[in-house]
Amino acid sequence: MPSELLRVAEQLLACLNEAPRVVGYLHDRARKCREAAAWIGNQSNNPNARMAAMQLDDAARRCEEAAHYLSQAEARAQQWVEQMVSGIRTAEPSGGSMAGRPVGPGGSTRPADRRQDEDHQPGADKPDRTTGAGDETSPEEASPGRRISDEEGHRLQQTLPRREESELTQPKTRGMWVDKDGNEEELVSGRHDEWFQKATDFLRGQGIPPRHGDSITTPSHVETKFAMRMRVQGLKHETIMVNKLPCPGKWGCRALIGLILPPGSTLTVFGPDGFKRTYPQPPSEQEQS
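Just so we're aligned, residue 1 is where the sequence shown starts under UniProt numbering, counting upward by one.
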């Protein structure tokens, strides 16, 4: 490799190493915009104030989108730089060029073209890949979840421990998720994992609960935490089984799951006594929940 090209590659790699700092800054800006939007929304019902709150919320979403695409671009560019430096690949096969390749948001190669590139690489040239921050999957790229029939869903639900409540005890809700590869994962309610805090922060950014200092228990529920996980990980259509019916009410799971889920995604919940429901629900069904 010419020394000048090597120098350029090393400088580009140094720039890419700064991307996580920018991603963190964008997420911080998004959080502060949502906090400001919630504060304005709680202070006044004035149309101008509500418009300002909506604009702040939109700015938060754009910051999150920018962070997401920057993470994707960083990971992709890192691979190319490493290939340049190692001399594995300095040009497209058969003398092709990247100039005419359609690109996705942020200048990254479209997912279909990227998969085609990877499928045509010889097996020995494919590095072992681990999932990192830059590999976060967007809802558009995510593959559908495992298809579970009603019969299988109710059967799996019945394998969960029976939840016995009393005046003195309130046991944790237990659940199960079966991923696209058929692996079963236990789900538990509570505040012990990252998804509780992520769900709490997300809902607070949406002005829920509406008054500062108030709290709700919904972010600790299995269904709410899993909906938040779908949003963060870009899961598209998933199914979970729980041993307690999703809670009703204005700030209950049935109302908030649809708010948390990413656009175009669905979450199907199997519960006790033959319960099955897919969220988000149409408005006509929400009234009957």
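Here a beta-carbon is modelled for each residue, glycine too, at the ideal position from N, C-alpha and C. All of these numbers come straight from a predicted model, not from anything done at the bench.
How far does the alpha helix (DSSP H) with residue i in it extend, from its first residue to its last?
i      : result
Thr13  : Rather than Thr, the amino acid found at residue 13 in this sequence is Leu. Per DSSP, Leu13 belongs to the alpha helix (DSSP H) from Ser3 to Leu16.
Asp150 : Asp150 to Gln158
Trp39  : Ala19 to Gln43
Ile216 : Segment: none, Ile216 is in no alpha helix (DSSP H) and carries neither H nor E.
Leu261 : Counting along the chain, Leu261 falls outside any alpha helix (DSSP H), and DSSP gives it neither H nor E.
Gly205 : Glu194 to Gly205
Any idea which residues DSSP pairs residue i with across the strands?
i      : result
Thr278 : Thr268
Gly175 : Leu187 and Val242
His68  : In DSSP, His68 forms no bridge with anything.
His237 : Thr266
When the distance is taken between beta carbons, is residue j closer than 8 Å to residue i?
i      : j      : result
Leu256 : Leu203 : yes
Met241 : Leu156 : yes
Gln281 : Gly252 : no
Leu16  : Cys63  : no
Glu65  : Gly205 : no
Pro246 : Gly271 : yes
Thr224 : Thr268 : no
Gly145 : Lys180 : yes
Asn42  : Arg162 : no
Lys276 : Gly190 : no
Just how far apart, CA to CA, sit residue i and residue j?
i           : j      : result
residue 296 : Ser3   : Outside the modelled stretch of the chain, which goes from 1 to 289, sits residue 296, for which no answer is possible.
Arg29       : Ala49  : 20 Å
Arg110      : Tyr69  : Here Arg110 scores only 39 on pLDDT, less than 50, and its place in the model should not be relied on; the value that follows carries that caveat. Using only the alpha carbons, I get a separation of about 12 Å.
Gln170      : Glu164 : 8 Å
Asp201      : Gly264 : 22 Å
Met51       : Glu10  : 46 Å
Val222      : Arg7   : 51 Å
Pro20       : His237 : 29 Å
Pro210      : Ala38  : 8 Å
Arg174      : Leu56  : 37 Å
Asp214      : Lys250 : 14 Å
Leu13       : Met228 : 33 Å
Gly274      : Val188 : 20 Å
Thr278      : Thr266 : 7 Å
Ser220      : Ala199 : 8 Å
Asp150      : Gln158 : 12 Å
How many whole angstroms separate the CB atoms of residue i and residue j, which I take to be in contact at a CB cut-off of 8 Å?
i      : j      : result
Glu185 : Trp177 : 5 Å
Val23  : Ala59  : Not really, about 16 Å apart at Cβ, beyond 8 Å.
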